[in-house]
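Line by line, the protein sequences give chains R and L.
Under the working numbering, think of the first position of the first sequence as 1, with each following residue one higher.
Under the working numbering, think of the first position of the second sequence as 1001, with each following residue one higher.
Ideal placement from N, C-alpha and C gives every residue a C-beta, glycine not left out.
Protein chains: 2
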Amino acid sequence: MTMRRTLDFLLNDWLDVSTLTTRPRFADHSAETFTAVLDVSERIAREKFAPYNRLVDTEEPSFDGTRVMLPQATLDATRAYAEAGLRSAGHDYALGGMQLPYVMEVALRSFFLQASIAIDGYTMLTAAGASLIVAHGTKHQIDAFARPELDGRFMGTMCLSEPQAGSSLSDIETQAVPDGDDFAADDLGPRYRLKGSKMWISAGEHDLAQNIIHLVLAKIRGLDGKVVPGAKGISLFIVPKMLVDANGHLTGERNDAAIVGLNHKLGYRGTVNTLLNFGEGKFPVRAPSGFDGRGAGAIAYLIGKPGEGLQRMFHMMNEARIQVGLGATMLGCAGYEASLDYAQTRLQGRPSGPEGKDPTAPQRPIIEHADVRRMLLAQKAYCEGALALSLYCARLVDEKATGDPVLAADAALLLELLTPIAKSWPSEWCLEANSLAIQIHGGYGYTRDFPVEQYWRDNRLNMIHEGAHGIHSQDLLGRKVRMEEGRALAILGGRIAETVRLARQHDVLIRDTDALTTAFATLQSATATAWEGGDREVALRNSVPYMQAFGHVVIAWLWLDVARVTVERLGQSGDIAFLRGKLHAKRYFFRYELPRVDAWLKPVCERDDTFSDMDTAWF
Amino acid sequence: MTMRRTLDFLLNDWLDVSTLTTRPRFADHSAETFTAVLDVSERIAREKFAPYNRLVDTEEPSFDGTRVMLPQATLDATRAYAEAGLRSAGHDYALGGMQLPYVMEVALRSFFLQASIAIDGYTMLTAAGASLIVAHGTKHQIDAFARPELDGRFMGTMCLSEPQAGSSLSDIETQAVPDGDDFAADDLGPRYRLKGSKMWISAGEHDLAQNIIHLVLAKIRGLDGKVVPGAKGISLFIVPKMLVDANGHLTGERNDAAIVGLNHKLGYRGTVNTLLNFGEGKFPVRAPSGFDGRGAGAIAYLIGKPGEGLQRMFHMMNEARIQVGLGATMLGCAGYEASLDYAQTRLQGRPSGPEGKDPTAPQRPIIEHADVRRMLLAQKAYCEGALALSLYCARLVDEKATGDPVLAADAALLLELLTPIAKSWPSEWCLEANSLAIQIHGGYGYTRDFPVEQYWRDNRLNMIHEGAHGIHSQDLLGRKVRMEEGRALAILGGRIAETVRLARQHDVLIRDTDALTTAFATLQSATATAWEGGDREVALRNSVPYMQAFGHVVIAWLWLDVARVTVERLGQSGDIAFLRGKLHAKRYFFRYELPRVDAWLKPVCERDDTFSDMDTAWF
């Protein structure tokens, strides 16, 4: 069965998204409009994205010193996406949007991520940049930069990292100075001249659109020639590749944002990844203001106030991270579907019982082998569990934005807590799913004639970008579980207890409710133990194993909640095979995966100091 | 520290290889000759292999319809290896060999596998083929085919799989018929005409040598036009690409072995992988005998008796599997060394304690972060543990071949038991090590500018070839633990008990001895539970989780045994940093890895039927 079926089930039967249409913002919507937008997305993804996923890998972006060349398919696909109005799906009608709930936006994006995550990269970054400008920009900035991004004319990037500063953004060295005495009088916002190098910039240069709107983190240099050290000194700027007037029309002037070169990647090759130099004088723009005497610097417009750059940027991070997790999930789903198809059609071997002894009997589809089923069930449990997590978190975004105010506060806190999991868990386990998909294909899976090796390569990025695993584990154990004296964790505990209460009405789920309750209790106790004494460095020693355990508990909880709904539908004579499959994937997760939690938490509970105790010279 | 140091420690301090020189076969050797051969190997690997490892990946083999093109570096490297006499390192003096113990042969091969596993592929296959001919061929066959392989003139392949028969060799369709009435009178062995397609043939075509000696599994067609079904019908043939006379001189005749095309792989790209057609008439050879009326068939010489093909081929499999495991191990070591170097030099972030709060303080090497140490320690524990396993198994090969006859029988049984682990465990965990090496590099690790992504791609093959994971798990639980009423498992238990007894003399190891004893007891009990009732299909339901647990117990045992020796050396004032590192890797393994065993064995102990219970329609 394809993922669409599961997506519909999770949206309708589990999350009951049609109830969102009772909210004023979504009042024009209905179950039918939700379905229609999924249908359109599925079709465009199938026709414009999926057929070219291998092509954009083999015909990697190239750079001739000036221009970046991409396959025509990338242009056609991103254009079809924009022309369907999907870039502004979640935005206000006033901005040309559809005012779709965020959970539906995530749902529609799933098709594109599964069809070709690398082609989708251009759109994902543009949408994220536009949303940031809409949320924090002035009306002029929205009109001049965000609107053309939403309607398809412009594209965007996020410029955070630098060659010497990846995970530690407080160490960025890009600087900005006011652009002349009238710098504060520009319609487009306080105008600066910006200089510095930005690394790992996806979609940093291409000809897919008239313009590229870079959102750049930089430090404002004070009159004393110094910058504020650390994160507090970081501000956020809009740096358009081509300058625009207050109405968003191109002035014909090229800004000083120059590509230096491409990063050649393991996977995700269709999304060009660049090193950019801002303000180094390759494209001198307007009258030089004498910045360092080496050219003018790139023209940049401040968003928000000086020093608020990280805050502004991270405002969008919950959503960006849900989408990174979703991307990992959908790569997992793509591999699951490919390997399921292969397992159903590839004939090899015979049953291991007595009936398999006859060598003249025809070979059987490999799906009949227990170990192939193991690998399929594991993929199903990982990918559908991860999809449930992505959708659940997206639903929390809607609760936070449009829900009952009292509940919205809880939703916001729970979302904060679950975001590191929504990003990291699919990145780790749907990558493992892709490895299992290769394994099912045997030697064929190791060739580029089948799609699964590419999924595996593409997916490996997701544990690295938008915050590496280690960073998220520190966010989770160092900050999220402690927020408001542990209230987020308590809210999670309450939701787990509610699932357990409902699930216990079904005899078939009682064993699992006990296992989940025990696992969550262990997790709570490990949390407390880690923080005994309150020393942050000690507490975070084992943050990654802690996060792995946390993730498995969360996914077990969601699987139990999905199973609870599944059992109800079974009683209402739904599609038996589909529903039994859900229950079986849940069963796999509880029997084969949840028991791992103890092994991860053991060192946490023992406050194990193996890592801090290791001397650098001993390696 | 480099792996050489660890290799020397494991060989000398742990396995005490110099005692082997008391055996007649190795009497000419000494600690000095052992060291000398390692030194030569390390140098050739460093000079001729390592510098070209990326090159053979990017300049992938190409095929113009007739010839396969490889980089010059591959020719130079394989030639340097052969010219140093290393191909025959383990063979008799009479064959031009060095009569090195197998453990030393494995040790010397480790350098090449780490430097460039793909360049090494040609040599590995040639050596395996030559060894098989030496073990099972006639004197004429040895002289004509094996000698030139050992001295560097010829190369070889192993042709087992077919497009429709990968893991299930009993279903191969390649056939052979006697070549004329005088077929039994050829000096080179009973001569047949052979037809069929062979898939996944590494080194199947190239110009690296005068000749390629294919070892081919095929079924002899009887006078009734039929073949014996199943594995019993399989025979083993020598099929030279160029025909030779009884002295191994080329006759100038091309045999009918034709390359159809290349497989384009995820990794391991430097080793060309081909689909070969035998006897399809592309190169008709000598007078056609009318085989099917479609050309003559390829000329093939039977090795051993008809129907003994699988037995003959698998005779070499223990050694081949140790070397596949070693290859996975050395890729892991390569990634460990690269990421250790990166972690020591890359500056990023500050300590998480109070001293890290000052953003103006310089950034610190990332090796100071606890989570980076976690990833380094995990790699160290996986890779050095796997290396210990490879060497231990190689040492068992020597025990079996040249040891005291009573002990040799035990060694042979233990080797049988450990072989599936020696192949599968490094394939799984040193791949995970490579993923951690990428993670330590962050975004840089995801680029092709650093070597780690290639190691990860290369290593992914090792869970697939030479028997996929699932096959080995069935071999382990279905056959090996039950051999001679469980005597192999009992021997392993005895060796573990002996390690525990010795380790308990050191207070610092007592906690680990308890953990290991408990884990092994759980494993024994899981073995018995799986086989309750004696139904093979039921027993093997959870064979992969069983094998994963088995592997972790074995590695824990070897780490404890290495640690025991380490503690002794510490008392003798050895290199403290080196020795502490060993103990710390052992500590990591016992605290973070061994606890996983319970989670894997739980479904085995519960005889969980989740996989067999899953209906195909439910996926």
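| query | result |
| --- | --- |
| S1197(L) and E1162(L): beta carbons closer than 8 Å? | yes |
| Could you say if the segment 79-96 of chain R and the segment 234-250 of chain R meet the contact criterion of at least three C-beta pairs nearer than 8 Å? | no |
| Determine, for W618(R), whether the minimum Cβ-Cβ distance to residues of chain L falls below 8 Å. | yes |
| So, for L1509(L): in the same chain, excluding its five sequence neighbours on each side, which residues have a beta-carbon less than 8 Å away from its beta-carbon? | A1503, L1560, A1563, R1564 and V1567 |
| Just verifying my parser: in three-state terms, what is the DSSP assignment at V1604(L)? | helix |
| Could you tell me the distance, in whole angstroms, from the CA atom of R5(R) to the CA atom of V1056(L)? | 44 Å |
| Assign E1047(L) to one of two classes, buried (16 or more other C-beta atoms within 10 Å of its C-beta) or exposed (fewer than that). | exposed |
| Per DSSP, Q175(R) is paired with what? | K195(R) and K219(R) |
| Beta-carbon within less than 6 Å of L243(R)'s beta-carbon, same chain only, minus the 5 sequence neighbours each way: which residues are those? | T251, E253 and N255 |
| Using a 10 Å radius around the Cβ and a threshold of 16 neighbouring Cβ atoms, would you call R1294(L) buried or exposed? | Per-residue confidence for R1294(L) stands at a pLDDT of 49, beneath the threshold of 50, marking its modelled position as unreliable; the derived number appears in the next sentence. Its Cβ having fewer than 16 others within 10 Å, R1294(L) is exposed. |
| To the nearest angstrom, how far is it from the Cα of A1401(L) to the Cα of E1308(L)? | 22 Å |
| What is the residue span of the beta strand (DSSP E) that L1276(L) lies within? | N1273 to F1278 |
| For a contact defined as C-beta to C-beta under 7 Å, what are the partners of N263(R) on chain L? | T1447 |
| So if DSSP puts G254(R) in a beta bridge, which residue, or which two residues, is it bridged to? | The sequence as given places Arg at residue 254(R); Gly does not occur at that position. Bridge partners of R254(R): M242(R). |
| Got a sec? Which residues, its chain only, sit under 7 Å from E1399(L) by beta carbon, not counting five neighbours each side? | L1407, A1408 and A1411 |
| Between which two residues does the alpha helix (DSSP H) containing T517(R) stretch? | I510 to A530 |
| List the endpoints of the continuous alpha helix (DSSP H) containing Y1342(L). | M1317 to T1345 |
| Rounding to the nearest angstrom, what Cα-Cα distance links G1248(L) and M1317(L) in this structure? | 26 Å |
| Identify every residue that forms a DSSP beta bridge with M1158(L). | L1215(L) |
| Would you tell me roughly how many angstroms separate the C-alpha atoms of Y342(R) and D1186(L), rounded to the nearest one? | 45 Å |
| Can you tell me which of I119(R), I201(R) and A135(R) puts its alpha carbon nearest to the alpha carbon of C159(R)? | I201(R) |
| Does DSSP classify S424(R) as helix, strand or coil? | helix |
| When the Cα atoms are used, what is the spatial distance from G1327(L) to N1273(L)? | 17 Å |
| Between the Cα of S63(R) and the Cα atoms of Y192(R), G204(R), V103(R) and A165(R), which residue gives the shortest distance? | Ser is not the amino acid found at residue 63(R); the sequence shown has Phe there. F63(R) has its Cα closest to that of G204(R), out of Y192(R), G204(R), V103(R) and A165(R). |
| Would you kindly report the start and end of the unbroken alpha helix (DSSP H) that includes A1625(L)? | Shown here, chain L extends from 1001 to 1619; a query on residue 1625(L) therefore has no answer. |
| From L125(R) to C383(R), what distance separates their C-alpha atoms? | 24 Å |
| How would you write the range of the beta strand (DSSP E) that Y1301(L) sits in, first residue to last? | A1298 to I1303 |
| I'd like to know if M463(R) contacts chain L, where contact means its C-beta is closer than 8 Å to some C-beta of that chain. | yes |
| Would a C-beta distance cut-off of 8 Å place G1261(L) and F1589(L) closer than the cut-off? | no |
| Got a sec? Which residues, its chain only, sit under 6 Å from V216(R) by beta carbon, not counting five neighbours each side? | C159, F237 and V239 |
| Tell me whether the beta-carbon of E453(R) lies closer than 8 Å to the beta-carbon of L1331(L). | no |
| Relative to the C-alpha of A1184(L), which candidate in M1463(L), K1305(L), K1219(L) and Q1164(L) has its C-alpha closest? | K1305(L) |
| Using CA atoms only, rank isn't needed, just tell me which of G533(R), P61(R) and T78(R) is closest to A50(R). | T78(R) |
| List the residues of chain L that F611(R) touches, going by C-beta distances under 7 Å, in chain order. | A1370, R1373, R1374 and L1377 |
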